[in-house]
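Residue numbers (our numbering), protein chains in the order written: chain H, 251 to 584; chain P, 251 to 584. Worksheet: one structure, shown below.
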């Protein structure tokens, strides 16, 4: 934690010449030096732009969301596209903010009719004790990380993948964790046979539901605003992540009703949602790209995250939590 | 993530009679049924009360901090007591809020003279490459978890401790994690010989510093407002945690200067600190207690956190991250 404020920050940057000659390697410097080919543009169909009502000082509040790619949570993701195309969220609100947990949005009145075709992907399953799990697993269409292995251990991508897993080291919630097509994932056991699932890191978005696991459509969404909530993995559908404007959801006033919902006398604190649009529907839509998680630069980035070696850190951690390896995302340079 | 808003919340609570008869076991229900003897009152000398300027709506903003007990970070904790007794923080401010990272406070002018006796505990060590580490380790006066073992494996406290460690399962940053005297800790290796250290979970407080590791006194403090920042463990001194009013630090507007400091044109966003007092200096000081981490109820609480088994969760996690086991703290009933 840097102590310096702006004045001393300038001072601190005036390092001795020797230190300046050899630029310290930081997660940021690794990302900055990644080659153009290592970045992957996010398809406009996978981007949502949510416009909140302006802040008290009149400034805009735009939140950009990247939707989860196959094979994960696709029935819910499809619902979300339908809801956005129907402009269903326009006029709804952010109605729940629970500290160190979630910010949640959608229709607080619970009376807004859903667009045709939007229903719970688990409709028909009423049990809460196992059946839902099987269905969720099936919906995930589990794939195997092992496909890389088939290319042989000399494959550079395979070797990078193994190196990354060594830095991830151990995980309290899964047999192993990894990165797959730009997303952190967890896995239950052998890489040949076990299901994989998406996880609840900071800024990741899931589908709210009632007690029964078949009650979530994607109309009511939440994002994690504190520590990761990994116990929700496999119990709720992770459908995307915030890639711009997270502060507009994380810094909202907390709710003091049950579970962080705004209480009756706090309803004025709800943040109006002006609109939610697919980027593919917008003129001049923002464009974003993520650092290919199979790239050499991403492997270096994980290594540096696991063992900081720059003037500020003297004890390298020796490992890194999968959620602390935030996948780099940035606007596409025009 | 519960979908229900207040209306449906009432509905959702109207479970079938069978479910109501057998109350589901949740982390909250375990804590609620802990016996009075399992709670430990926090000494008034270990409590700081920070009063921020009132919020825009005129409401009070009080933050209560519990200081770290021996053997951890005591030279800095002692400085913090001295600073509070000198009323040094009165009139300072919260001047840095970086999303998913830290909120930091102290003297933004960097000109306020420190009280007599407050200097960096590492003064005299100028190296950033190893020497500081050794000194920090020494300052921690490493103790051994093994003291429990000496009482024999039949000791109930020993058995509970082992059970907790099994639920904590694995950690990316340390050989093992555990709870010690009400605090989560990490350990580097064998429980007989290895150093232990305090960790950076949500709401935990550390000592800001410049590049050199001997530049932190405790006058400038930060708290974690997003995912745990475990890579800072052993590189910065963890000196306490927020036990009340965390939302007053986590929901502040983010800064857009370098590293989340408020930029020049954002300085009006700084939150004034009205006062910081030791509870022992206050009349009618608030009193708090924590659930003894060596108690039977705490062991049950960890077990339930690791494997939720209530109507909302259908897939138990099978483990839990040490930072996701927040040590229960509550006001002492008057």
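Heads up, the beta-carbon is just placed ideally off N, CA and C, and yes, glycines get one too. Just so we're clear, the structure is a prediction, and the values are computed from it rather than from any experiment.
Can you check which of these residues, the options, is closest to residue i by C-alpha distance?
| i | options | result |
| --- | --- | --- |
| residue 296 of chain H | H/547, H/361, H/536 | H/536 |
| residue 568 of chain P | P/438, P/557, P/363 | P/557 |
| residue 354 of chain H | H/331, H/410, H/520 | H/520 |
| residue 411 of chain P | P/283, P/431, P/421 | P/431 |
| residue 524 of chain P | P/300, P/293, P/318 | P/300 |
| residue 303 of chain P | P/559, P/486, P/526, P/351 | P/526 |
| residue 348 of chain H | H/322, H/508, H/281 | H/508 |
| residue 531 of chain P | P/290, P/305, P/332, P/274 | P/332 |
| residue 350 of chain H | H/549, H/456, H/452 | H/452 |
| residue 450 of chain P | P/359, P/293, P/473, P/498 | P/473 |
| residue 408 of chain P | P/577, P/543, P/464 | P/543 |
| residue 418 of chain H | H/434, H/405, H/406 | H/434 |
| residue 198 of chain H | H/291, H/545, H/276 | This structure cannot speak to residue 198 of chain H, because chain H is shown only from 251 to 584. |
| residue 306 of chain H | H/528, H/276, H/518, H/529 | H/518 |
Do residue i and residue j have their C-beta atoms within less than 7 Å of each other?
| i | j | result |
| --- | --- | --- |
| residue 316 of chain P | residue 491 of chain P | yes |
| residue 468 of chain P | residue 312 of chain P | no |
| residue 579 of chain H | residue 551 of chain H | no |
| residue 436 of chain H | residue 420 of chain H | no |
| residue 484 of chain H | residue 447 of chain H | yes |
| residue 593 of chain H | residue 457 of chain H | Nothing can be reported for residue 593 of chain H, as the shown portion of chain H is limited to 251 through 584. |
| residue 329 of chain H | residue 363 of chain H | no |
| residue 575 of chain H | residue 555 of chain H | yes |
| residue 282 of chain P | residue 414 of chain P | no |
| residue 336 of chain P | residue 365 of chain P | yes |
| residue 284 of chain P | residue 500 of chain P | no |
| residue 477 of chain P | residue 477 of chain H | yes |
For residue i, count neighbouring C-beta atoms within 10 Å of its own C-beta (all shown protein chains included) and say buried if the count is 16 or more, exposed if not.
| i | result |
| --- | --- |
| residue 565 of chain H | buried |
| residue 515 of chain H | exposed |
| residue 570 of chain H | buried |
| residue 225 of chain H | Coverage of chain H is limited to positions 251 through 584, which leaves residue 225 of chain H absent and any answer about it impossible. |
| residue 308 of chain P | exposed |
| residue 278 of chain P | exposed |
| residue 573 of chain P | buried |
| residue 288 of chain H | buried |
| residue 293 of chain P | exposed |
| residue 356 of chain P | buried |
| residue 466 of chain H | buried |
| residue 464 of chain H | buried |
| residue 498 of chain H | buried |
| residue 406 of chain H | exposed |
| residue 341 of chain H | exposed |
| residue 358 of chain H | buried |
| residue 422 of chain H | buried |
| residue 553 of chain P | buried |
| residue 428 of chain P | buried |
| residue 487 of chain H | buried |
| residue 396 of chain H | Note that residue 396 of chain H scores a pLDDT of 45, beneath 50, so its modelled location is shaky; the value from the coordinates is reported in the next line. Counting Cβ neighbours within 10 Å, residue 396 of chain H comes out exposed, since fewer than 16 surround it. |
Give me whichever residues DSSP pairs with residue i in a beta bridge.
| i | result |
| --- | --- |
| residue 559 of chain H | H/275 |
| residue 581 of chain H | H/538 |
| residue 447 of chain P | P/436 |
| residue 454 of chain P | P/491 |
| residue 300 of chain H | H/313, H/526 |
| residue 334 of chain P | BP columns for residue 334 of chain P are empty, so no partner. |
| residue 343 of chain P | P/356, P/522 |
| residue 551 of chain H | Residue 551 of chain H pairs with nothing; no bridge assigned. |
| residue 483 of chain H | H/486 |
| residue 475 of chain H | In DSSP, residue 475 of chain H forms no bridge with anything. |
| residue 497 of chain P | BP columns for residue 497 of chain P are empty, so no partner. |
| residue 428 of chain H | H/435 |
| residue 326 of chain H | In the DSSP output, where bridge partners are listed per residue, residue 326 of chain H has none listed. |
| residue 290 of chain H | H/540 |
| residue 348 of chain H | H/352 |
Confirm the yes/no value for this check: CB of residue i, any heavy atom of the ligand ZN, distance under 6 Å.
| i | result |
| --- | --- |
| residue 466 of chain P | The model on display carries no ligand, and the ligand ZN is accordingly not part of it. |
State the CB to CB distance for the pair residue i and residue j, rounded to an integer number of angstroms; the pair is presumed to be in contact (CB under 8 Å).
| i | j | result |
| --- | --- | --- |
| residue 503 of chain H | residue 538 of chain H | With a Cβ gap of about 29 Å, residue 503 of chain H and residue 538 of chain H do not count as contacting. |
| residue 343 of chain P | residue 522 of chain P | 5 Å |
| residue 455 of chain H | residue 471 of chain H | 6 Å |
| residue 512 of chain P | residue 346 of chain P | 7 Å |
| residue 475 of chain P | residue 352 of chain P | 6 Å |
| residue 298 of chain H | residue 528 of chain H | 6 Å |
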